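The block underneath contains the structure these notes are about, expressed in structure tokens.
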Amino acid sequence: MKRVLLGMSGGVDSSVSAILLKKAGYEVIGATMELWKDESNIETGCCSSSAIDDARNVCNKLGIEHYVLDCKKEFRKYVIDDFVECYKCAKTPNPCIECNKHIKFDLFYKKAQELGCEYISTGHYAKTEYVEKFGRVVLKKSNAQKKDQTYFLYGIPKEVLPKMIFPLQDFSEKSEIRKIAEENGLQVAKKPDSQEVCFIPNNKYTEFLLNNLEYKPEQGNIVTTNGEILGKHRGLIYYTVGQRKGLGIAYKEPLYVLKLDDNKNEVVVGTQQELYTKELYANELNFLLFNTLDKVMEVNAKIRYRSEEAKAKIIPISKDKVKVEFEKPQRAVTKGQSVVFYIDDIVLGGGKIL
Numbered sequence: 001m002k003r004v005l006l007g008m009s010g011g012v013d014s015s016v017s018a019i020l021l022k023k024a025g026y027e028v029i030g031a032t033m034e035l036w037k038d039e040s041n042i043e044t045g046c047c048s049s050s051a052i053d054d055a056r057n058v059c060n061k062l063g064i065e066h067y068v069l070d071c072k073k074e075f076r077k078y079v080i081d082d083f084v085e086c087y088k089c090a091k092t093p094n095p096c097i098e099c100n101k102h103i104k105f106d107l108f109y110k111k112a113q114e115l116g117c118e119y120i121s122t123g124h125y126a127k128t129e130y131v132e133k134f135g136r137v138v139l140k141k142s143n144a145q146k147k148d149q150t151y152f153l154y155g156i157p158k159e160v161l162p163k164m165i166f167p168l169q170d171f172s173e174k175s176e177i178r179k180i181a182e183e184n185g186l187q188v189a190k191k192p193d194s195q196e197v198c199f200i201p202n203n204k205y206t207e208f209l210l211n212n213l214e215y216k217p218e219q220g221n222i223v224t225t226n227g228e229i230l231g232k233h234r235g236l237i238y239y240t241v242g243q244r245k246g247l248g249i250a251y252k253e254p255l256y257v258l259k260l261d262d263n264k265n266e267v268v269v270g271t272q273q274e275l276y277t278k279e280l281y282a283n284e285l286n287f288l289l290f291n292t293l294d295k296v297m298e299v300n301a302k303i304r305y306r307s308e309e310a311k312a313k314i315i316p317i318s319k320d321k322v323k324v325e326f327e328k329p330q331r332a333v334t335k336g337q338s339v340v341f342y343i344d345d346i347v348l349g350g351g352k353i354l
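First residue of the sequence shown: 1, per the numbering used here; consecutive thereafter.
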């Protein structure tokens, strides 16, 4: 019997994944990663002690082993510190992508090997499949298009993909998952999905940053693209590209944040039209079908999780840098976010927007 280490957050998705893996004939071991403990003792999302208790109770109900893995040190290094550093450099990070890349599909895989598990599994909405054309296991979009999470998974090391199992890959509706949980008597069947970043209580980003930055944000100018000063900002951490409300300035037409200039400590604003661009650059690349991009490729690209895919060309600039040219202008391209590339329903890879 093949052993699989299942990451369990205490939610319904990973709990039902345990049921499905058992039915598929795997020897399942549940593991919950202890990632973060807020100093104010406010429990948040999958990092809370109640989440660990929920996962443990599910494992007891299903008769499988459960481990709690202390990953707080690594989480601080790869996720928290990166999050703070990005805001320090006027970028808008995506901590879930960093967590998946460094913790859930790197550190977790190493823990699985230590426990003698051949496979790892999570409750993500995605799928893996061997594709003859590419001669390898690829990452593909989930059948549940509205819940598809491949945008967050492009950073998985490609050598780990063949060892990945996504038990929810053939489901198209969340209601189906909850029904299975109810039929198996799991108390988490109606547990709501977590909608917040797990280490930020009540989504209070700026409060978290103020407590973790080594300096206090300084006021600076709010300027137009031609340098006209319109007012003062409170500090760059309070703003993001595309923002319209809360700027505290008056103008003849609506203005949006176009850029956060950390060199000049300026918030650059402009019109809705100026918010659109047809190109971007990206680095910190991870390609899942090959090692390095060596030619221009036509792809579909997403610049944020909730955005629509758009036709684009990716052009190699160097080993770890590409230019992305879109067929149609994209709104609010944001430094620090990820751009992810698709070929039909296959994830080609992605990188960080510069």
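For each residue, glycine too, the CB sits at the ideal point set by N, CA and C. All of these numbers come straight from a predicted model, not from anything done at the bench.
If you check the CB distance, Leu115 and Lys72 do not come in under 8 Å. For Ile200, DSSP assigns no beta-bridge partner whatsoever. Shown here for Lys101: same chain residues with a beta carbon closer than 6 Å to its own, the five before and five after excluded, namely Gly155 in chain order.
Here DSSP, grouped into helix, strand and coil, assigns Leu255 to coil.
One Cα belongs to Asn291, the other to Thr92, and the distance between them is close to 27 Å. DSSP places Glu34 in the uninterrupted beta strand (DSSP E) bounded by 27 to 34.
If you check the CB distance, Thr32 and Gly63 do not come in under 8 Å.
Between Gly350 and Ser338, the C-beta spacing is below 8 Å.
Within the same chain, and ignoring the five residues on either side of Glu129 in sequence, the residues whose Cβ sits closer than 8 Å to its Cβ are Val137, Val138, Lys140. DSSP places Ile222 inside the beta strand (DSSP E), whose first and last residues are 220 to 224. By alpha-carbon distance to Arg304, the top candidate from Glu228, Glu253, Thr150 is Thr150. Residue burial annotation: Met164 is buried, with at least 16 other C-beta atoms found within 10 angstroms of its C-beta. In the pairwise beta carbon analysis, the stretch 71 to 86 is classified as not touching the stretch 248 to 260: fewer than three pairs are separated by under 8 Å. Per DSSP, the continuous alpha helix (DSSP H) segment holding Lys179 begins and ends at 174 to 183. Gly30 is the residue among Gly270, Val84, Gly30, Val58 whose C-alpha sits nearest the C-alpha of Val68. Between Met297 and Ile314, the C-beta spacing is below 8 Å. In this structure, Lys111 is the residue among Lys111, Phe75, Ile52, Ile97 with its C-alpha nearest to the C-alpha of Leu5.
Here Ser338 is bridged, per DSSP, to Lys352.
The DSSP assignment places complete alpha helix (DSSP H) segments of no fewer than 4 residues inside the stretch 107 to 182 at 108 to 114, in order along the chain. By alpha-carbon distance to Glu65, the top candidate from Lys204, Glu27, Lys335, Ile97 is Glu27.
Taking every protein chain shown into account, the CB of Thr334 has 16 or more other CB atoms within 10 angstroms, so this residue is buried. With contacts defined by Cβ atoms closer than 8 Å, Pro329 and Tyr256 do not form a contacting pair.
Counting the other Cβ atoms within 10 Å of the Cβ of Ile229 gives fewer than 16, which makes it exposed. Scanning its chain for C-beta atoms nearer than 8 Å, with the 5 sequence neighbours on each side dropped, one finds around Leu168 the residues Asp13, Val16, Ser17, Leu20, Gly123, His124, Tyr125, Ser142, Ala144, Ile177, in chain order. Just measuring C-alpha positions, the residue of Gly336, Lys319, Pro201, Lys302 sitting nearest Glu327 is Lys302. Counting the other Cβ atoms within 10 Å of the Cβ of Lys352 gives 16 or more, which makes it buried. With a cutoff of 8 Å on beta-carbon distance, Ile222 and Gly231 are scored as near each other.
The beta carbons of Val241 and Ala332 sit about 5 Å from each other, so the pair counts as a contact at 8 Å.
The residue from Met1, Lys146, Val347, Pro217 with its alpha-carbon nearest to that of Arg234 is Pro217. Collapsing the DSSP output to three states places Thr271 in coil.
The continuous beta strand (DSSP E) containing Ala301 extends over residues 297 to 302. Ser50: member of the alpha helix (DSSP H) spanning 49 to 62, first to last residue.
Pro316 is bridged by DSSP to Val322. Straight across, the Cα-Cα distance linking Tyr119 with Lys23 is about 16 Å. About 7 Å separates the CB atoms of Phe105 and Pro157; that is less than 8 Å, so the two are in contact. The beta-carbon distance between Leu285 and Asp320, rounded to whole angstroms, is 6 Å. This is short enough to meet the 8 Å contact definition.
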